[in-house]
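Numbering (my numbering), first residue to last: 21 to 396. Beta carbons: idealized from backbone N, C-alpha and C, even for Gly. Shown next, in structure tokens, is the structure this report addresses.
Structure follows, in structure tokens:
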């Protein structure tokens, strides 16, 4: 079986340089060789990277508190749907369901789960993790096949894995850095921007010094359009590392934010070992919010993870006393990991959309977020 490197080289040799978005799509999601599709991705202390979920169950339990409040805002429906996309091994979903079953049994009884997962290997891994809740769960290979639903679509570190294009500033505007191949391997090559949607996105960027590099993903707009057709009433809630467009275009980020990771180490090249390392970039929450508003969504909130979980803390730790139990002590320690500004608290953002205006959520008590705040 030919390697992914051979497949990509042959494609480039036959048709010319490809966009980095196409390269990344293959490197992460090729059914046989992709880093995620073939289940090579490893999360946690012994893997390639850590997430809030791998730090322990508190992330999911706090989300369960937020979902319970959302369910209450909707009038406590007898049935509603929680949709997770990018669930990896299903651990977050399990933590949420365990939390609801413990402290919100009526909400738990009303809850069904949809997991959007195109890859069979990951579906099997999720099914194993969630075997105690198997009657509640249905799998869908893509968002377009979801039923129309009332509830919440949620995700953790999904948007940063959407394939993106590289743009570089030059004397006349912006050019695209595409991926070519030579005897030395894959390499970035400058090309005029071909794709109309990418040209439009580039035209909206302010001028920068020649050589400035940034990333643009065209996928969020299509994703939001697809989900808007499915979510009748409710919210979309996602957590990811990212920032506003002015922050992303600051002079000190002249090399962009894209990274490759393997074994918790940032790798020197994005183009080596396709399929064997994670590829990612910070989310542009300004651009993604503009995409959302253009598709008819309402911005419900934008804040950092520290403020989001601080808003939920009174709901979760209401029974803690001056002498907390051992379990409560463990959760308080995990809470510091999730919220400390030097750990995950400031780097990760919570971003929430809704279908129409909804009541304010406890998670956004200390930072509701507006479009103007995302542009400045």
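- When DSSP states are grouped into helix, strand and coil, residue 378 belongs to the coil group.
- When rounded, the separation of the alpha-carbon atoms in residue 28 and residue 313 is 36 Å.
- CA-to-CA, the gap between residue 324 and residue 366 works out to about 5 Å.
- Each of 290, 32, 335, 50 was checked against the Cα of residue 139, and the nearest Cα belongs to 50.
- Taking a contact to require three or more Cβ pairs closer than 8 Å, the stretch 81-99 and the stretch 122-140 qualify as touching.
- With a beta-carbon spacing of about 11 Å, residue 238 and residue 222 fall beyond the 8 Å limit used to define contacts.
- Around the C-beta of residue 111, 16 or more other C-beta atoms lie within 10 Å, and the residue is accordingly described as buried.
- For residue 76, the closest of 52, 116, 225 by C-alpha to C-alpha distance is 116.
- For the pair residue 79 and residue 240, the Cα-to-Cα distance works out to about 24 Å.
- Taking one beta carbon from each stretch, the stretch 190-204 and the stretch 97-112 have fewer than 3 pairs nearer than 8 Å; the two do not touch.
- For residue 48, the uninterrupted alpha helix (DSSP H) segment begins and ends at 40-49.
- Residue 241 sits in a helix when the DSSP states are folded into three classes.
- With a minimum length of 3 residues, the unbroken runs of beta strand (DSSP E) contained wholly in the stretch 138-205 fall at 157-160, 169-176, 185-190, 193-202.
- Under the DSSP assignment, residue 222 falls in the alpha helix (DSSP H) whose first and last residues are 216-223.
- For residue 210, the three-state secondary structure derived from DSSP is strand.
- With 16 or more other Cβ atoms from the protein chains shown falling within 10 Å of its own Cβ, residue 300 counts as buried.
- Here residue 291 is buried. Its C-beta has 16 or more other C-beta atoms within 10 Å.
- Counting along the chain, residue 232 sits inside no beta strand (DSSP E), nor does DSSP assign it H or E at all.
- The Cβ-Cβ distance between residue 246 and residue 320 does not fall below 9 Å.
- Shown here, residue 336 sits in a helix according to DSSP, grouped into three states.
- Note: residue 133 is bridge-paired with 102, 157 in the DSSP secondary-structure output.
- In the structure shown, residue 312 adopts helical secondary structure according to DSSP, grouped into three states.
- Checking the DSSP bridge columns, you'll see residue 255 partnered with 172, 374.
- In the DSSP assignment, residue 279 falls within the unbroken beta strand (DSSP E) covering 279-282.
- Residue 110: not part of any alpha helix (DSSP H); DSSP gives it neither H nor E.
- Going by DSSP, residue 52 is part of no alpha helix (DSSP H) at all; its letter is neither H nor E.
- Setting aside the 5 residues that flank it on each side, residue 331 is surrounded in the same chain by 382, 383, 384, 385, 386, each with a C-beta closer than 7 Å to its C-beta; the list follows chain order.
- Beta-bridge analysis with DSSP links residue 123 to no other residue.
- Around residue 188, the same chain offers 195, 197, 233 as residues with beta carbons nearer than 6 Å, after the five sequence neighbours per side are excluded.
- Secondary structure note for residue 272: it is in no beta strand (DSSP E), with a DSSP letter that is neither H nor E.
- In the structure shown, the three-state DSSP call for residue 293 is coil.
- Three or more Cβ pairs drawn from the stretch 168-178 and the stretch 249-266 lie within less than 8 Å of each other, which places the two stretches in contact.
- Between the alpha carbons of residue 154 and residue 136 lies a gap of roughly 15 Å.
- Across the structure, residue 122 and residue 311 are spaced so that their CA atoms are roughly 38 Å apart.
- In the DSSP annotation of this structure, residue 94 is not part of any alpha helix (DSSP H), being labelled neither H nor E.
- Scanning 156, 353, 208, 30 for the CA closest to the CA of residue 113 turns up 156.
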